[in-house]
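Structure record follows, encoded as structure tokens.
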Amino acid sequence: VRSVVDHPTIGPATMAPPVCVIAEVEPNDRLTDTWNHPPLCEGLPAIGIMDQGDGGDYLRVVLDRSGTLQVGLADIPAGRDYDLLLYNYQGQSLGSSQQPGNLPEQLSAAVAAGEYAIRVYPSVGRSPQPYELRWRLDP
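Each residue of the sequence shown is one higher than the one before, starting from 22 at the first, in our numbering.
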């Protein structure tokens with residue numbers, strides 16, 4: 022628990038929301054959950070965990086320009102098979118990667134500026150071991 026104290030000459034303390042995150046933020050099992058969370062940071066590894074009962078993770082990205090969105094999923098735990106999907110703000114599927122087993126997933130899609138959701142879906146099994154997700158926007 023973090024406590025913040027008001028400063029008499031500066032005024033009330035405020036905590037700004039993070040600009041971007043490097044880990045999943047729960048709840049994120051539904052597409053509609055993701056729009057209220059900070060977006061993932063571009064180019065930095067983001068960590069997620071697919072615990073028992075988890076229906077999948079939706080993670081938000083915000084793009085300030087058009088380009089080719091590249092998304093990679095790695096460190097899928099042994100004996101598991103996670104897939105990668107991409108949705109626009111309206112919930113339309115824009116692409117997927119469905120490699121067998123725990124092979125890394127790679128997704129590429131031409132996109133306009135806007136908000137998108139990346140879904141990590143557990144097609145076989147779940148694990149408390151983390152996976153790693155990265156994204157970047159190429160011209």
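For every residue, glycine included, the Cβ atom is placed at its ideal position computed from N, Cα and C. Everything numeric in this text was worked out from a predicted model, so none of it was measured.
Which word fits I68, buried or exposed, when buried means at least 16 other C-beta atoms lie within 10 angstroms of its C-beta?
Working through the sequence shown from its first residue, we reach residue 68 at position 47. Counting Cβ neighbours within 10 Å, I68 comes out exposed, since fewer than 16 surround it.
Starting from D54 and walking both ways along the alpha helix (DSSP H), at which residues does that stretch end?
By 1-based counting over the sequence shown, the position of residue 54 is 33. It spans L52 to T55 - the alpha helix (DSSP H) in which D54 sits, taken as one unbroken run.
Whole angstroms are fine: how far does the CA of S148 sit from the CA of D72?
Here the question's residue 72 lines up with position 51 in the sequence shown. Here the question's residue 148 lines up with position 127 in the sequence shown. C-alpha separation (whole angstroms): 5 Å.
From which residue to which residue does the beta strand (DSSP E) around S129 run?
Translated into the one-based positions of the sequence shown, residue 129 becomes position 108. Run containing S129: E126 to V132, per the beta strand (DSSP E) assignment.
Please state the DSSP three-state secondary structure of N109.
Sequence index remark: in the sequence shown, residue 109 carries index 88 (1-based). Assigned with DSSP and collapsed to three states, N109 falls in strand.
CB of L61 within 8 Å of CB of V40, strictly
As a first step, residue 61 is located in the sequence shown; it is residue number 40 there, counting from the start. As a first step, residue 40 is located in the sequence shown; it is residue number 19 there, counting from the start. Cβ distance not < 8 Å, so L61 and V40 don't count as in contact.
Measure the CB-CB distance between L128 and S118 and report whether it falls below 8 Å.
Here residue 128 is taken as the residue at index 107 of the sequence shown, counted from 1. Here residue 118 is taken as the residue at index 97 of the sequence shown, counted from 1. S118 sits close to L128, with the two beta carbons spaced by under 8 Å.
Cutoff 6 Å; reference A131; Cβ partners in own chain excluding five residues on either side
Here residue 131 corresponds to residue number 110 of the sequence shown, with the count starting at 1. Closer than 6 Å at Cβ, skipping near neighbours: T89.
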